[in-house]
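K.L.:
Structure provided below as structure tokens; questions to follow.
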Amino acid sequence: MAVLIRSTGSFVPDNRYSNDQLSAIVDTTDEWIRSHTGIGARHIAPDGTMTSDLALGAAKSALEKAGIGPEEVDYIAVATASPDYFGFPATACIVQDKLGASKAAAFDVVAGCTGFIYALDTVSAMLEARKARYGLVIGAETLSRIADWADRSTCVLFGDGAGCALLENSQAETDRGLKASILGSDGGGALDLYLAQGMRDKTFDRGEPYQDFPKIVMNGKNVYNFAVKAITKLIGDLLEKSGIPLPEFRWIVPHQANLRIVQAAAKRFGLPEERFYLNIQEYANTSAASVPIALNEIAEKSLVKAGDPVMLLGFGAGLTFGGSVLRY
Ligand code: UT7
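Count along the sequence shown starting at 1, add 17, and that's the number in this note's numbering.
Take a look at the structure:
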């Protein structure tokens, strides 16, 4: 018995904005963005397309590849920092309805860019504990809606998209599946990366509706330092916990926040950069969606075969960090 990734899917909007295109509306350059982050472009959801629409596209793709009907799904978890509605209802419920997943329980996971890793571990544990069979784990974002387009130090970093893993609690004798997981947090850094909504100091008795749009605020340097520490510690701890030696890993799939963070981790472990799967050049930082989009690309390009060890790594708002080791 094992919980394994049966299939993956992704859905990224067609609208692509290169760094040069962005520099027409933001005081920035292609040279600065590439040299500081590795980002070359990002995709932006068109007006009217919500996070649930991207999530739906990714989920449909994963289900179609597996030949599984939506009515067979037991759980839907959507990890997102940019839900259709802040607070409630859960974006996962909107996906459940649009998908026609009639028996599924649906909930959102809020763990910033680590959201997909948190959701993966949660749904995997639920499938095992409840002896259920299928779970959709989705990371989906429309960060362009909450980016502060007046702050060049953050707005150039983000993009929109969704990725999905269909988990199966398999009864078969197999060495495949999720092998180890680590989740952690450091809420002391909560205000290093947060969504400013101005709600905390408002009280109802003023009777003024809140007018401002929510927007991302980040202390880039603090988050950068946290990320480098988190990713290197995660790799070490996951190697120990999984018992799988580093040279055996076919891919390490990190959250795609900054090429320099990955380069620092690669150097620390004496690994060639090519062992880390990167697509930040094309999609920028899609927060909770970045790991499943990358994982789906690896699968679609046939860069991984059944049983290959793969490590997934996340870090972000919370602050949170987490990683998983699986035999694909
Ligand atoms: O996904 C969640 C996790 N997030 C992350 O992991 C992000 C972690 N942080 C980072 O990746 C980096 O801190 C950033 C990419 C956000 C920033 O890189 P940096 O090397 O720390 O740049 P900086 O903020 O220190 O800015 C250096 C200079 C400043 O100019 P001065 O003061 O030196 O004259 C900025 O004003 O670069 C300037 N700058 C820009 N210039 C052109 C900042 N943003 C831009 C820009 N275009 N977009």
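A virtual CB, placed ideally from N, CA and C, is assigned to each residue, including glycine.
With C-beta atoms as the reference, is A107 less than 7 Å away from D91?
P.N.:
No.
K.L.:
Output the boundary residues of the alpha helix (DSSP H) element that contains W49.
P.N.:
Counting along the chain, the alpha helix (DSSP H) containing W49 begins and ends at D47 to T54.
K.L.:
On the DSSP bridge assignment, give the partners of T139 in chain order.
P.N.:
Answer is none; T139 lacks a bridge partner.
K.L.:
Hey, how far is the Cα of I50 from the Cα of V20?
P.N.:
Straight-line Cα distance between these residues: approximately 39 Å.
K.L.:
With DSSP collapsed to three states, give me the class of V308.
P.N.:
V308 falls in the helix class under three-state DSSP.
K.L.:
Quick check: P309 and F266, are their CB atoms within less than 7 Å of each other?
P.N.:
Not closer than 7 Å, so no.
K.L.:
Could you tell me which uninterrupted alpha helix (DSSP H) segments, each at least 4 residues in length, are contained entirely in the segment 35-99, listed from first to last along the chain?
P.N.:
Correct list: 36-39, 47-54 and 68-83.
K.L.:
Output the distance between the C-alpha atoms of G237 and R33, rounded to the nearest integer angstrom.
P.N.:
Their Cα atoms are separated by approximately 24 Å.
K.L.:
Thinking just about the alpha-carbon of each residue, which of P264, A41 and D165 is nearest to the one in Q214?
P.N.:
Looking at the Cα atoms, D165 is the closest of the given residues.
K.L.:
Could you give the distance in angstroms between the alpha-carbon of F293 and the alpha-carbon of A311?
P.N.:
For F293 and A311, the distance between alpha carbons rounds to 10 Å.
K.L.:
Could you tell me if I158 is buried or exposed, where buried requires 16 or more neighbouring beta carbons within 10 angstroms of its beta carbon?
P.N.:
Note on residue identity: the sequence assigns Glu, not Ile, to residue 158. E158 comes out buried.
K.L.:
What do you reckon, are the CB atoms on N296 and F175 nearer than 7 Å?
P.N.:
Against a cut-off of 7 Å, the Cβ pair of F175 and N296 comes out as no contact.
K.L.:
Alpha carbon to alpha carbon, how far is S319 from Y345?
P.N.:
Cα to Cα, the separation comes out at about 12 Å.
K.L.:
Is N242 a contact residue of the ligand UT7, with contact defined as CB to any heavy atom under 6 Å?
P.N.:
Incorrect: N242 has no Cβ contact closer than 6 Å to the ligand UT7.
K.L.:
If we count the other Cβ atoms within 10 Å of its Cβ and call it buried at 16 or more, is T191 buried or exposed?
P.N.:
Its Cβ having fewer than 16 others within 10 Å, T191 is exposed.
K.L.:
Identify whether V112 lies in helix, strand or coil by the three-state DSSP scheme.
P.N.:
Of the three classes helix, strand and coil, the one that applies to V112 here is helix, per DSSP.
K.L.:
Applying the 10 Å Cβ sphere with the 16-neighbour rule, what's the burial state of A167?
P.N.:
The residue is exposed, with fewer than 16 neighbouring Cβ atoms inside 10 Å.
K.L.:
Are A244 and V342 closer than 7 Å when you measure CB to CB?
P.N.:
Result no, Cβ atoms of A244 and V342 do not sit closer than 7 Å.
K.L.:
Could you work out which residue in N239, A142, I261 and P100 is closest to P231 when comparing CA atoms only?
P.N.:
Comparing Cα positions, the closest option is P100.
K.L.:
Please classify E185: does DSSP put it in a helix, a strand, or coil?
P.N.:
E185: strand per DSSP, three-state reduction.
K.L.:
Can you tell me the Cβ-Cβ gap for A207 and T337, rounded? I've got them flagged as a contact below 8 Å.
P.N.:
In fact, because the Cβ distance is near 10 Å, the residues do not count as touching under 8 Å.
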